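The opening residue of the sequence shown carries number -1 in the working numbering; numbering runs sequentially from there. Even glycine gets a Cβ: it sits at the ideal position worked out from N, Cα and C. Being a predicted model, the structure only gives us computed values, none of them experimental. Only one structure is covered here, and it is reproduced in the block below.
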Amino acid sequence: MQSGTMSAELAFNRNVDVDYGVAEEVAPDIRRIVANNPGPYTFLGTNTYIVGSGHLAVVDPGPADEVHLQAIADAVKGECLTHILITHSHHDHCDAAKPLQAMLGGEIIAYGPTDTARGAGVAGLGDVFVDASFVPDRVVRDGETVKGKGFALDVLHMPGHAPDHLCFAHVGRRTMFTGDHVMGWNTTVIAPPEGNMAAFLESLERLMQRNDKLFLPGHGGRIQTPQRMVRAYITHRKWREQTILACLDDGTGTIRGIVGKLYGSLDRALQEAAALSVRAHLEHLIARKIVRTESAGEFLEAGGWLEAVYVRAVS
Ligand SMILES: [Zn+2]
-1 MQSGTMSAEL
9 AFNRNVDVDY
19 GVAEEVAPDI
29 RRIVANNPGP
39 YTFLGTNTYI
49 VGSGHLAVVD
59 PGPADEVHLQ
69 AIADAVKGEC
79 LTHILITHSH
89 HDHCDAAKPL
99 QAMLGGEIIA
109 YGPTDTARGA
119 GVAGLGDVFV
129 DASFVPDRVV
139 RDGETVKGKG
149 FALDVLHMPG
159 HAPDHLCFAH
169 VGRRTMFTGD
179 HVMGWNTTVI
189 APPEGNMAAF
199 LESLERLMQR
209 NDKLFLPGHG
219 GRIQTPQRMV
229 RAYITHRKWR
239 EQTILACLDD
249 GTGTIRGIVG
259 KLYGSLDRAL
269 QEAAALSVRA
279 HLEHLIARKI
289 VRTESAGEFL
299 EAGGWLEAVY
309 VRAVS
């Protein structure tokens, strides 16, 4: 992208050193342990946060990795785990919930089952990531507060990346646990129907209304300029939408074609995420009657969703 245009390049700090299994204080009364599950979607690994002192909550216990579970247990030795909060039921965030509870106790708290479709609707990404069977001990909703001894966490329902995605605000600290809604190393994957672009943008707007001073994401380092990051996320999506519309205007109307044009140099592992992200944008454009498609339905049925043809809606 040329400078001076609305750029897709978000400024991420990927210069993060990580000592797997080591509890590091990232804010007063908040420790972070990074799980050793690096990958194209998880960056260096999943961040597990320990909130409080003496009486504790864990936010996102992470993958069911024995070394990681032991690291959490070692870090909280002599303290009492009362709550295990889950931002969303993707394996890399929630799989350790039950094993951790078996080791240390604590009530598992999450949004719970949704009435919307889960998974990616196509083989791959979303289905691999989603734990459709995940059920917490306690279901919470937007506006509720989870209270422990010496800490409280406000619950915000922030769908977009996942329909059950929650963010947790550390009450009185202007600090937000953002899960995969806003991350410190990359843009968030929006893969329909698991992901929903309209909901994602609404959830971002909600963060813009707040005055948090610190975001602690599910992957990547601390975000110390939260408002700037959220604005950049929104700008990035608007820019991406414009580039997709430009493709349609140039006669490139299939998702395969658009991905080839816009993400030509992408890592193969991320191509599917890119294709799903383009589809999320197209669905958002269709919902606003800016774009239409006649063939998406039948192509989806046949599994050939990359070949469905999208065009500008004539107003
Ligand atoms: Zn996720």
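query = What did DSSP end up calling residue 264 once you bin it into helix, strand or coil?
reply = Locating residue 264 in the sequence shown gives position 266, where the first residue counts as 1. Correct three-state label for residue 264: coil.
key: Residue from 102, 60, 61 and 50 with nearest C-alpha to residue 72   = Counting from 1 along the sequence shown, the entry for residue 72 is found at position 74. Nearest of 102, 60, 61 and 50 to residue 72, Cα basis: 102.
key: Under 5 Å, CB to nearest heavy atom of ligand 1: contacting residues   = 88 and 178
key: Range covered by the beta strand (DSSP E) that runs through residue 174   = Here residue 174 refers to the residue found at position 176 of the sequence shown. Its beta strand (DSSP E) spans residues 173 to 177.
ask   = Taking just the CA atoms, how far does residue 148 sit from residue 51?
value = Locating residue 51 in the sequence shown gives position 53, where the first residue counts as 1. Locating residue 148 in the sequence shown gives position 150, where the first residue counts as 1. If I take the Cα positions, the gap works out to 8 Å.
request  = Put residue 112 into one of helix, strand or coil per three-state DSSP.
outcome  = On the sequence shown, residue 112 is found 114 positions in, with the first residue counted as 1. Three-state result, residue 112: coil.
message = I need the straight-line Cα distance from residue 244 to residue 282, nearest angstrom please.
response = Within the sequence shown, residue 244 is the residue found at index 246, counting from 1. Within the sequence shown, residue 282 is the residue found at index 284, counting from 1. Between residue 244 and residue 282, the C-alpha separation is close to 16 Å.
request  = Give the DSSP bridge partners of residue 34, in chain order.
outcome  = Looking up residue 34 in the sequence shown gives position 36. Beta-bridge pairing links residue 34 to no other residue.
inquiry  = Does the contact criterion of 3 or more C-beta pairs under 8 Å hold for the segment 246 to 253 versus the segment 206 to 224?
reply    = no
message = Could you tell me the alpha carbon to alpha carbon distance between residue 219 and residue 28, rounded to whole angstroms?
response = Along the sequence shown, one-based indexing puts residue 219 at 221. Along the sequence shown, one-based indexing puts residue 28 at 30. Roughly 14 Å separates the two Cα atoms.
ask   = How would you label residue 206, buried or exposed, when you count the other beta carbons within 10 angstroms and need 16 or more for buried?
value = Taking the first residue of the sequence shown as 1, we reach residue 206 at position 208. Looking at its Cβ environment, which holds fewer than 16 other Cβ atoms inside 10 Å, residue 206 is exposed.
ask   = Which of helix, strand or coil does DSSP assign to residue 291?
value = Here the question's residue 291 lines up with position 293 in the sequence shown. Here residue 291 sits in strand by DSSP.
ask   = Are residue 59 and residue 94 closer than 8 Å when you measure CB to CB?
value = Here the question's residue 59 lines up with position 61 in the sequence shown. Here the question's residue 94 lines up with position 96 in the sequence shown. The answer is yes: Cβ separation under 8 Å.
query = So residue 164 packs on residue 108, CB below 8 Å; how close in whole Å?
reply = Locating residue 164 in the sequence shown gives position 166, where the first residue counts as 1. Locating residue 108 in the sequence shown gives position 110, where the first residue counts as 1. Going by Cβ atoms, the distance from residue 164 to residue 108 rounds to 7 Å, so yes, they are a contact pair.
Same chain, Cβ closer than 7 Å to residue 1, five either side skipped, listed in chain order = Residue numbering aside, residue 1 sits at position 3 when the sequence shown is read from its first letter. Per-residue confidence for residue 1 stands at a pLDDT of 34, beneath the threshold of 50, marking its modelled position as unreliable; the derived number appears in the next sentence. No residues qualify anywhere along the chain.
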